[in-house]
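> Structure in structure tokens, see below.
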Amino acid sequence: QSVITKFKGQLFKLMNKLEDTTPHFIRCIKPNSNQLPGLYEENQVLQQLRCCGVLEIVRISRSGYPTRLTHQELSLRYGFLLLDTRLSQDPLSLSNAIMKKYN
Numbered sequence: 001q002s003v004i005t006k007f008k009g010q011l012f013k014l015m016n017k018l019e020d021t022t023p024h025f026i027r028c029i030k031p032n033s034n035q036l037p038g039l040y041e042e043n044q045v046l047q048q049l050r051c052c053g054v055l056e057i058v059r060i061s062r063s064g065y066p067t068r069l070t071h072q073e074l075s076l077r078y079g080f081l082l083l084d085t086r087l088s089q090d091p092l093s094l095s096n097a098i099m100k101k102y103n
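So in UniProt numbering, the last spot in the sequence shown is 103, and the numbers never skip.
So, in structure tokens, the structure goes:
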């Protein structure tokens, strides 16, 4: 195998791996302008959260989904809506079945 062939194969594997991933973004917030540990400047943090859009995202999220349930909670609360044969399934499968049945 030549170097180019090996590189091409590795690049192909990397591209497949990247296509299967979901990107996540982390926003770093500076707690104070002097970068000192244990010091928290409320106005500076609030301004950064506002500029990054975090406060707006929280507001939208709360208005659209005021109550969030885990799959376990959803399946325990609404599992009775399904046939008894599905009660042996895991919480994720039950939650998906409930959502599909009742849209």
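Where is the CB? At the ideal position from N, CA and C, for every residue including glycine. None of the values given here were measured: they were computed from a predicted structure.
Are there three or more Cβ pairs, one per stretch, closer than 8 Å when the stretch 27-36 is compared with the stretch 44-59?
Yes: at least three Cβ pairs fall under 8 Å.
> Jot down the residue ranges of each uninterrupted alpha helix (DSSP H) in the stretch 36-88, minimum 4 residues, whole runs only, in chain order.
Segments of the alpha helix (DSSP H) lying fully in the stretch 36-88: 42-52, 54-64 and 71-78.
> DSSP state of I4, grouped into three classes?
On the sequence shown, position 4 is the one that residue 4 refers to. I4 falls in the helix class under three-state DSSP.
> Thinking C-beta only, is L69 closer than 8 Å to L82?
Along the sequence shown, read from residue 1 onward, the residue named residue 82 stands at position 82. Along the sequence shown, read from residue 1 onward, the residue named residue 69 stands at position 69. Their beta carbons are not under 8 Å apart, which means L82 does not touch L69 by this criterion.
> Report the rounded CA-to-CA distance for K100 versus Q35, giving the unit in angstroms.
Stepping through the sequence shown from its first residue, residue 100 is reached at position 100. Stepping through the sequence shown from its first residue, residue 35 is reached at position 35. For K100 and Q35, the distance between alpha carbons rounds to 50 Å.
> Which same chain residues, not among the five before or five after L92, have their C-beta less than 6 Å away from its C-beta?
Taking the sequence shown and counting its residues from 1, one reaches residue 92 at position 92. These residues qualify, in order along the chain: H71.
> Taking 8 Å as the cut-off, decide whether the C-beta atoms of T74 and I57 are in contact.
The residue you call residue 74 lines up with position 74 of the sequence shown. The residue you call residue 57 lines up with position 57 of the sequence shown. For clarity, residue 74 is Leu in the given sequence; the question names Thr instead. Their beta carbons are not under 8 Å apart, which means L74 does not touch I57 by this criterion.
> By DSSP, does I29 sit in helix, in strand, or in coil?
Working through the sequence shown from its first residue, we reach residue 29 at position 29. Here I29 sits in coil by DSSP.
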